[in-house]
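Here the protein sequences line up with chains A and B, keeping their order.
Sequential numbering from 0 applies to the first sequence in numbering that gives the first Met the number 0.
Sequential numbering from 0 applies to the second sequence in numbering that gives the first Met the number 0.
Every residue gets a Cβ at the ideal spot worked out from N, C-alpha and C, and that includes glycine.
As the structure is a computational prediction, the values presented were derived from the model and not from experiment.
Number of protein chains: 2
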Amino acid sequence: MDVTTRIETVRERVDAARAAGKRIGFVPTMGALHAGHVSLMEAAGRRCEYVVVSIFVNPTQFGPNEDFDAYPRDITADRQICESAGVELVFAPGVGDMYPSRNLTWVTVESLTEGLCGRHRRGHFRGVTTVCNKLFNIVRPDAAFFGQKDAQQAIVVKRMVADTNLPLEVAICPTLREADGLAMSSRNVYLSTGERADALLLYRALTKAESMVRQGERNCSQLVSAMRAVMQSGAVVVEYISIVDTETLYDLAEIEDVALIAVAARVGKTRLIDNIVVDLNKPQGAI
Amino acid sequence: MDVTTRIETVRERVDAARAAGKRIGFVPTMGALHAGHVSLMEAAGRRCEYVVVSIFVNPTQFGPNEDFDAYPRDITADRQICESAGVELVFAPGVGDMYPSRNLTWVTVESLTEGLCGRHRRGHFRGVTTVCNKLFNIVRPDAAFFGQKDAQQAIVVKRMVADTNLPLEVAICPTLREADGLAMSSRNVYLSTGERADALLLYRALTKAESMVRQGERNCSQLVSAMRAVMQSGAVVVEYISIVDTETLYDLAEIEDVALIAVAARVGKTRLIDNIVVDLNKPQGAI
Numbered sequence: 000m001d002v003t004t005r006i007e008t009v010r011e012r013v014d015a016a017r018a019a020g021k022r023i024g025f026v027p028t029m030g031a032l033h034a035g036h037v038s039l040m041e042a043a044g045r046r047c048e049y050v051v052v053s054i055f056v057n058p059t060q061f062g063p064n065e066d067f068d069a070y071p072r073d074i075t076a077d078r079q080i081c082e083s084a085g086v087e088l089v090f091a092p093g094v095g096d097m098y099p100s101r102n103l104t105w106v107t108v109e110s111l112t113e114g115l116c117g118r119h120r121r122g123h124f125r126g127v128t129t130v131c132n133k134l135f136n137i138v139r140p141d142a143a144f145f146g147q148k149d150a151q152q153a154i155v156v157k158r159m160v161a162d163t164n165l166p167l168e169v170a171i172c173p174t175l176r177e178a179d180g181l182a183m184s185s186r187n188v189y190l191s192t193g194e195r196a197d198a199l200l201l202y203r204a205l206t207k208a209e210s211m212v213r214q215g216e217r218n219c220s221q222l223v224s225a226m227r228a229v230m231q232s233g234a235v236v237v238e239y240i241s242i243v244d245t246e247t248l249y250d251l252a253e254i255e256d257v258a259l260i261a262v263a264a265r266v267g268k269t270r271l272i273d274n275i276v277v278d279l280n281k282p283q284g285a286i
Numbered sequence: 000m001d002v003t004t005r006i007e008t009v010r011e012r013v014d015a016a017r018a019a020g021k022r023i024g025f026v027p028t029m030g031a032l033h034a035g036h037v038s039l040m041e042a043a044g045r046r047c048e049y050v051v052v053s054i055f056v057n058p059t060q061f062g063p064n065e066d067f068d069a070y071p072r073d074i075t076a077d078r079q080i081c082e083s084a085g086v087e088l089v090f091a092p093g094v095g096d097m098y099p100s101r102n103l104t105w106v107t108v109e110s111l112t113e114g115l116c117g118r119h120r121r122g123h124f125r126g127v128t129t130v131c132n133k134l135f136n137i138v139r140p141d142a143a144f145f146g147q148k149d150a151q152q153a154i155v156v157k158r159m160v161a162d163t164n165l166p167l168e169v170a171i172c173p174t175l176r177e178a179d180g181l182a183m184s185s186r187n188v189y190l191s192t193g194e195r196a197d198a199l200l201l202y203r204a205l206t207k208a209e210s211m212v213r214q215g216e217r218n219c220s221q222l223v224s225a226m227r228a229v230m231q232s233g234a235v236v237v238e239y240i241s242i243v244d245t246e247t248l249y250d251l252a253e254i255e256d257v258a259l260i261a262v263a264a265r266v267g268k269t270r271l272i273d274n275i276v277v278d279l280n281k282p283q284g285a286i
């Protein structure tokens, strides 16, 4: 496995792999890798012969009062995880490699970024789409792999790729969960033991909604109220509970066929998000 | 020469050319081709074995009160010009090919777009950088060729390419002029005979400034005043006369080494722009 901080090295390695007829799979990450990331690398490995993982805590997607400085970083452990997952190339640039001078160019997606996390993290998605666009131009993958856990991010990046005619496929992979259902996240390491228990309320609220939908509830106000009750049964400060169209991300009044149910909350100082998709056309009702 | 409206055909042709070891040169245009465009095609042909010209009047770079509908279109003449210039592929998409659904994604460049034409054509450069980003992702050229005539556009596109890590070179080619000095422009066809005479005042103002600089004038207020006097000697409505840094596009008080002197004006209903670069390090003082 190669590890580099240099953009030119990435281009050379990827060009060589492509010249050898390999498909290039790409998993952009901020490091602090966990089993969720590994599942993305494995998905990439099943579809592509050359897998690139980027590890870059991107400053432009953090707000001034967010956890950019505190965000967990462990490049040694991350390298080991990538190596074990069979990754061919790790691109771990510094901030100066990605933003060598003041960045003047922004890639923004309208509308899709206005609700959900976008409402609470102003500028966040602008940073995400800008850095993804840059990374896609550096790696030039055939396919990039994102987790359903960050549902809005996945939908926004997919739209950015389509609108800008980037010739790559954006693949969305299922959320990985701990045994009790907590969605895997690099930010889970922030949680104390007590907070870890409360954090589970996000998933409990989602499964509550899912079971109500299965039992016939279609009214989103009813579903949101029930979810709020679940989340407020512990020390969880709800940021949003939203039921939205999976393409437009507009709020739904009633669930008609497919819906994204997404929640964000603070548990202590830690901001957590989770979501499920309910699909009335599928017997299980969820991805 | 191939002509296509289809993105997929462009990708196929360019992939084949690249597989044959050819460098890909790209000249994005809005059609209504003139000798200035031909000089870009020729520059591309000297540097690249496969030259692609796009012809697309891009609606997103026109303001609501601008000349999108009236903009001259003559695809038959344009094809002939491309053929004669030795172009390999003409990409002439329709609006629906480039924007198949509501465009939500914008590529914007801050700061550089705030002055000069950007101040007078709100949203113009956002449209330019967005469509150029799309075209670069469709054509994936090794080099793209722009005219110095649209100086701010060239600088903005160059910065967009650098900031987004697009792996291509942006080459800026000299402005072509009519025998009397009028900068070639697709919009010159709008001019009546009387307006054609007044239009020359833009270039006269620029050469006036250039000769003053050669004679030692460094003060930009003095230069701008002299240029304004030249332009106001005819039926020309000045939009701006600016002397700016060639990298930041910030206004200069004094010319210290290199400066962009740029003018925009209306002659009748026609908006014209022109510019020169003065470089005190060069004996001729201009590009």
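- For residue 109 of chain A, the chain B residues whose Cβ falls inside 8 angstroms of its Cβ are 103, 104, 105, in order along the chain.
- Inter-residue distance for residue 7 of chain A and residue 103 of chain A is about 22 angstroms (C-alpha atoms, whole angstroms).
- DSSP, reduced to helix, strand and coil, places residue 174 of chain B outside both helices and strands of the structure shown, so it counts as coil.
- Taking a beta-carbon distance threshold of 8 angstroms, residue 8 of chain A does not count as an interface residue toward chain B.
- With contacts defined as CB atoms closer than 8 angstroms, residue 256 of chain B and residue 279 of chain B qualify as a contacting pair.
- Listed in chain order, the positions of the region 21-45 of chain A with a beta carbon within less than 9 angstroms of a beta carbon of chain B would be empty, since no residue qualifies.
- Contact of residue 197 of chain A with chain B is not assigned, every C-beta pair being separated by 8 angstroms or more.
- Counting along the chain, residue 249 of chain A sits inside no alpha helix (DSSP H), nor does DSSP assign it H or E at all.
- The Cβ of residue 121 of chain A sits no closer than 8 angstroms to any Cβ of chain B.
- For residue 4 of chain A, the closest Cβ of chain B is not nearer than 8 angstroms.
- Taking C-beta atoms under 8 angstroms as the contact rule, residue 258 of chain B and residue 277 of chain B qualify, at a distance of about 5 angstroms.
- Under the DSSP assignment, residue 49 of chain B falls in the beta strand (DSSP E) whose first and last residues are 49-54.
- Taking all protein chains shown into account, residue 184 of chain A has 16 or more neighbouring C-beta atoms within 10 Å of its C-beta and is therefore buried.
- For residue 100 of chain B, no beta strand (DSSP E) run applies, since DSSP gives it neither H nor E.
- Chain B places no beta carbon closer than 8 angstroms to that of residue 57 of chain A, leaving this residue out of the contacts.
- In this chain, residue 241 of chain A is not harboured by any alpha helix (DSSP H); it is covered by the beta strand (DSSP E) spanning 236-243.
- Here residue 189 of chain A is buried. Its C-beta has 16 or more other C-beta atoms within 10 Å.
- In terms of CA proximity to residue 200 of chain B, B:273 leads the group B:273, B:122, B:63.
- When C-alpha distances from residue 139 of chain A are compared across A:282, A:16, A:275, the shortest belongs to A:16.
- Listed as beta-bridge partners of residue 27 of chain B by DSSP are B:53.
- The beta carbons of residue 13 of chain B and residue 54 of chain B sit no closer together than 8 angstroms.
- The residue from B:128, B:208, B:137 with its alpha-carbon nearest to that of residue 158 of chain B is B:128.
- In the three-state reduction of the DSSP assignment, residue 86 of chain B falls in the coil class.
- Partner residues in a beta bridge of residue 20 of chain B, as assigned by DSSP, do not exist.
- DSSP places residue 91 of chain A outside both helix and strand once states are collapsed to three, so it counts as coil.
- Remark: three or more beta-carbon pairs, one from each stretch, lie closer than 8 angstroms, so the region 108-122 of chain B and the region 229-248 of chain B are flagged as touching.
- Between the region 134-154 of chain A and the region 160-178 of chain B, the count of Cβ pairs shorter than 8 angstroms is three or higher; the stretches touch.
- In the DSSP assignment, the residues bridged to residue 274 of chain A are A:261.
- DSSP places residue 41 of chain A in the helix class (H, G or I) of the three-state scheme.
- In the structure shown, the three-state DSSP call for residue 144 of chain A is strand.
- In the three-state reduction of the DSSP assignment, residue 218 of chain B falls in the strand class, which pools E and B.
- The beta carbon of residue 191 of chain B sits closer than 8 angstroms to the beta carbons of 267 from its chain, once the five residues preceding and following it are set aside; these are given in chain order.
- When Cβ-Cβ separations below 8 angstroms define contact, residue 163 of chain A makes contact with chain B.
- The Cβ neighbour count for residue 94 of chain B, taken over all protein chains shown within 10 Å, is under 16; the residue is labelled exposed.
- From the listed residues B:225, B:52, B:122, B:37, the smallest Cα separation to residue 1 of chain B is found for B:52.
- If you draw a straight line from the Cα of residue 105 of chain B to the Cα of residue 126 of chain B, it is about 8 angstroms long.
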